[in-house]
Each structure stands twice: as structure tokens, then as C-alpha cells.
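Protein chains in written order, with our numbering: chain A, 148 to 376; chain B, 148 to 376.
Data first, discussion second: the structure below is written as C-alpha cells.
There are 2 protein chains.
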Amino acid sequence: MTTPVSIPERLFEQLKSAIFDGDIPVGSKLSEPELARDYQVSRGALREAIGRLEACRLVTRKTNVGARVVELSVENLLEIFQVRESLEGMAARLAAQFITADEIVRLESLLETHAHDIESSENQAYFQKEGDLDFHYSIVQASHNTTLFNLLCNDLYQLVRLYRYQFGMRSQRAKQAFSEHRHIVAAIKRGDGEMAEHIMRAHIRASRESVERIFIHESNDPLAAEVNA
Amino acid sequence: MTTPVSIPERLFEQLKSAIFDGDIPVGSKLSEPELARDYQVSRGALREAIGRLEACRLVTRKTNVGARVVELSVENLLEIFQVRESLEGMAARLAAQFITADEIVRLESLLETHAHDIESSENQAYFQKEGDLDFHYSIVQASHNTTLFNLLCNDLYQLVRLYRYQFGMRSQRAKQAFSEHRHIVAAIKRGDGEMAEHIMRAHIRASRESVERIFIHESNDPLAAEVNA
DNA sequence: ATTCATTAAATTGTCGACAATATTGGCCTG
DNA sequence: CAGGCCAATATTGTCGACAATTTAATGAAT
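Okay, here's the thing in C-alpha cells:
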């Protein structure tokens, strides 16, 4: 017995993909009649889907005017990094305290997968499109704090994905980042919460600073931004 | 020209109040036909309002089954405290860095109001029903990080309010908490972010530990819980 | 030509009706 | 009497139509 999926739920996922892929451009208006035609659904169902997009801050709505895809800005991206540093640092510390044996196994096998991805990929602007987020997702899950999980995985990570896709961010230090992932897992495994938090924060801070350098100081090449956190 | 308010928006506020006040009991089902009758609105408008309640996690929804007011638990409350310690600590640090002169004035006048409230109130289980949250709200605002603001003020504080109302939490250390508020503002005013964060974290941690003591060790009197953070 | 008012078109907001699903209660069977 | 099946009922999901509002298009006046 699989959980039933309503039309708005499906639409929500479809619209997210369309936004991530740029089929619905950033900043553009979501026309209800148009989308209802395109996706062959009633406006009611569409409106509920848009409501969910609003909830995870991918679109903003104005009464009597309509919904638009959020505008991206470096300032907002840096804000998100700041919040992530704080929350994911905490997640790493809690994970070190509460992670289960089973979760450790899964986390290490995830690392193995990523290690393989790095080896097999020729160019260095490689793997972690979702893989990196998967790692962070797993850490948050291992914290066993559902409030924290909801904030990060339901809200923030959606925006992080949007920034990655839209800015076409690629890692400039993939091996470095991967190595940090390993150290984080090692610290968690031995129950060293202090260290896990410390590395995680440094890990995310490094990404933020990379973005700052690229976008603030000389922003000619936004395609080479940082992604590995 | 005042911003137009749609029916779902109004309903959202009304339902929130009804939930906070216990008119719609915690854990109970939100019957669409019943509520539509009571509030004299169509089910469509009601469903959108319920969607917003779901977004800030005051209700949970199951497809084809309906919406229920969230179940409260001490575990969840402690989770929220943990997240708040992390986020509000950061907010205090950022506030020390970015607060404007105007915001400092408003913050200090808020403190004066609270000081007066404490003086004029005879019993010690006094003032801060919303006043305390107002303080924390102001600090977050002064951080000038809109992402942080959204997470705390749109999502978490709603739940905090629900816990306060439902558990009838009262401060056991109001004067102590107020003094901590003063120290936080002082640190922010002199631009000492490290100190502001440190005090804020200790402030919230103290509240969490108070709740732990009351609910975990001997929980006979949930009415005397901690509220001042 | 530019601005403003007026009107026409399009879009969003709201509603009630129908379809699909879940829940309830009764009935039958073991 | 317990447990499961089936019909009846109620609730949620979905849709298309109408109303309210915003946006645009048109034209008149300065």
C-alpha cells in the first residue's frame, strides 16, 4: 500500500523541476490560466501547488496580483550559508551524539559512492549535483531532531538547489570538500560532537567564502562558484 | 492604501487564535464542513488557510483523511529550544554587527516597557505572554538576515506560542530573564557580537533546562514551566 | 508628445457542485 | 462473541463558473 499522491503534490514536484531547470525562469510570473492549460489541471489544484512553493520560499505571492519565482541575489545566498553554518554545525554535533549503527553504515557507503564518483569523473568540476546535498541531508537526518530536519530539508535545501542550478555552480575544490566530508563522518563515528561541529562549520564557511570571493570581488565568472557544502 | 487582505489570510489568523486559545484542541481534527459553517466561508478558502497552518507546522495533513492540530510533546519542545539556541545566538551576533541606531532606540524603549510591566504586576508569574517573544522578535529583526527572520518568526515562534498557551507556561525567573535581556541589548549596542551570542545562548539554554527539570524529572506541575526565552 | 481618466481585457479570488476516498455501522459467518 | 465483509454515510479531492481586482489599451486634454 503506497501513500496516495494528490494532484497538487505531483504538480508541486513538476513545478519545482521546471523552476530548477529554468523552464520557468527566475523572477517570472506564474500565470494560473497558462500553467493550468500546460499541465492539464484545474486552477484550484494549481493554486494549492503554488501555495506549497510559497511555503518553501521558491515563489512569492501578492494578493490580487499573482505569484512570481523568487529573485536570486548573492546577498540572499550568503544569508543562507550563514544559517546553514549554524544549523548544520548543530546537526553534526547532534549526529555524533545520536546516530545509530545502521545510519553510520549508510553514511559510509554514501562516502564510498562519492569516492567512486570522483575517481570515475574526468573533469574536476564533477559529481556533486545532488550527491553533496545527499551527504548533508544524511547528517541532518542522523541528528534525530525533526524540527531541524524540517527547517533544513524542507525549506533551505530547496533554495540551495535553485541557486546551484541557476548559477550553474561547480565545485572548485571537490577533493578538498570530499576529504572534509570524510573527517566529519569520522568525528561523528567516534562520538566527537565538538569536532564534528567544528569541521562542518569550517566546511560550510569555506564554501561561503569561496562564493564571496567569486561574486563580490570579481564576478565575471559566476559559473565557477562553490557548491561543495 | 492598505494592503488588501484575502479571506484565507483572515481565516489563517482566526484559526491560529482558535488553536492557541484551545478552542480547537491540540490533536483534534479540522473538519472542513464544520469549520466552513462556523466561519461562514467556502471550503476552498478554508483549505487554503489550512494549507498555511500546515506550512508553519501548526497542523499536519494526510491525503484523503484530513488535517489535525499538531500533537505537542516535551521532546519536540526541547528540539525547538535547541534550534532556537543556535539560530538566536547567531541573530544576536549579527544584530551586534548590523543593528541601526533607530533599532537600538526601539529596542531600549521595549526594555523600558517591560521594566514597567514587571514593576506594575503584583504576581511573579507575570508579563511576558507576547512581550518576551517581542524582544526576541526584535533581535532577529535587527540581525538583518531575512532568511533567519523567516525561519524564526514565520515558523518557529508560532509553535513556541502554541506551547506557551497550551502548557500554560509561566516564567519562574522573570526578573533574571529580564536582566539577561538587558545584558544582551548592552552587548549589541557596544557591538560585541561574541558576548551577545554567548548571553543569548545561555539565556535560551537556561529556559530549556528549566523545562527539562520540570517535565522530565517530576512533571506533576506543567503549569510552572519556563517561558522567558 | 505626455499625462491622466476611462474603459476593455485578462487575471486572481471565491464559491458551490460533483467525484473519489475514507469512515461508520450493520450484518453475516466462523 | 469476535472478526471480517459490505453497504451507507460523511469527508476530502477536484473541477468549472462567476465575482472582484488588477492590468492594458484607448482616447481626450493640456
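Each residue gets a CB set at the ideal place from its N, CA and C atoms; glycine is no exception.
Residue 294 of chain B sits in a helix when the DSSP states are folded into three classes. In the assembly as shown, residue 323 of chain B is an exposed residue. Its beta-carbon has fewer than 16 other beta-carbons within 10 Å. Taking 8 Å as the upper bound for CB-CB distance, residue 257 of chain B and residue 281 of chain B are in contact here, some 6 Å apart. Contact between the segment 306 to 316 of chain B and the segment 250 to 265 of chain B is not established, with fewer than three Cβ pairs separated by less than 8 Å. Excluding its 5 nearest sequence neighbours in each direction, residue 183 of chain B has C-beta neighbours in its own chain below 6 Å: 190, 193, listed in chain order. For residue 195 of chain B, same chain residues with a beta-carbon under 6 Å away, outside a window of 5 residues either side, are 155 in chain order.
Across the structure, residue 290 of chain B and residue 158 of chain A are spaced so that their CA atoms are roughly 36 Å apart. Shortest Cα-Cα distance from residue 171 of chain A to any of A/187, A/251, A/206 involves A/206.
Here residue 163 of chain B is buried. Its C-beta has 16 or more other C-beta atoms within 10 Å.
The Cβ of residue 165 of chain B sits no closer than 7 Å to any Cβ of chain A. Taking a beta-carbon distance threshold of 7 Å, residue 292 of chain A counts as an interface residue toward chain B. As the crow flies, the alpha-carbon of residue 348 of chain B is around 7 Å from that of residue 233 of chain B.
Between residue 345 of chain A and residue 327 of chain A, the CB-CB gap reaches or exceeds 7 Å. Residue B/153 holds the alpha-carbon nearest to the alpha-carbon of residue 188 of chain B among B/153, B/242, B/240. Among the residues facing chain A, residue 202 of chain B is included, as its CB has a counterpart in that chain under 7 Å away.
At least one C-beta of chain B is nearer than 7 Å to the C-beta of residue 230 of chain A.
The alpha carbon of residue 305 of chain B has as its nearest neighbour, out of B/151, B/168, B/149, B/150, the alpha carbon of B/168. In this structure, DSSP gives residue 158 of chain B a helical state, which the three-state scheme calls helix. The beta carbon of residue 219 of chain A sits no closer than 7 Å to any beta carbon of chain B. Setting aside the 5 residues that flank it on each side, residue 286 of chain A is surrounded in the same chain by 235, 238, 239, 242, 254, 331, 335, 347, each with a C-beta closer than 8 Å to its C-beta; the list follows chain order.
Out of A/315, A/360, A/201, the CA that lies nearest to the CA of residue 303 of chain A is found in A/201.
In the three-state scheme derived from DSSP, where H, G and I count as helix and E and B as strand, residue 332 of chain B is classed as helix. For the 7 Å CB-CB criterion, residue 173 of chain B and residue 219 of chain B form a contact. Apart from the 5 residues on each side of it in sequence, residue 230 of chain B sits with its Cβ closer than 8 Å to the Cβ of 303 in its chain, given in chain order.
It is roughly 49 Å from the alpha-carbon of residue 244 of chain B to the alpha-carbon of residue 151 of chain A. Apart from sequence neighbours up to five positions away, no residue of its chain approaches residue 356 of chain B with a beta-carbon distance below 6 Å.
Judged by DSSP secondary structure, residue 247 of chain A falls outside any beta strand (DSSP E); it is assigned neither H nor E. In the assembly as shown, residue 199 of chain B is a buried residue. Its beta-carbon has 16 or more other beta-carbons within 10 Å. The segment 153 to 238 of chain B is shown to contain whole beta strand (DSSP E) runs of 3 or more residues at 206 to 209, 213 to 216, in chain order. Among the CB atoms of chain B, one or more fall inside 7 Å of the CB of residue 210 of chain A.
Remark: C-beta atoms of residue 226 of chain B and residue 292 of chain A approach each other more closely than 7 Å. The residue from A/321, A/339, A/284, A/317 with its alpha-carbon nearest to that of residue 361 of chain A is A/317. For residue 277 of chain B, there is no enclosing alpha helix (DSSP H), as DSSP marks it with neither H nor E.
Around residue 208 of chain A, the same chain offers 201, 214 as residues with beta carbons nearer than 6 Å, after the five sequence neighbours per side are excluded.
Note on geometry: alpha-carbon atoms of residue 363 of chain B and residue 354 of chain B lie some 14 Å from one another. At a cut-off of 7 Å between C-beta atoms, residue 227 of chain B counts as an interface residue with respect to chain A.
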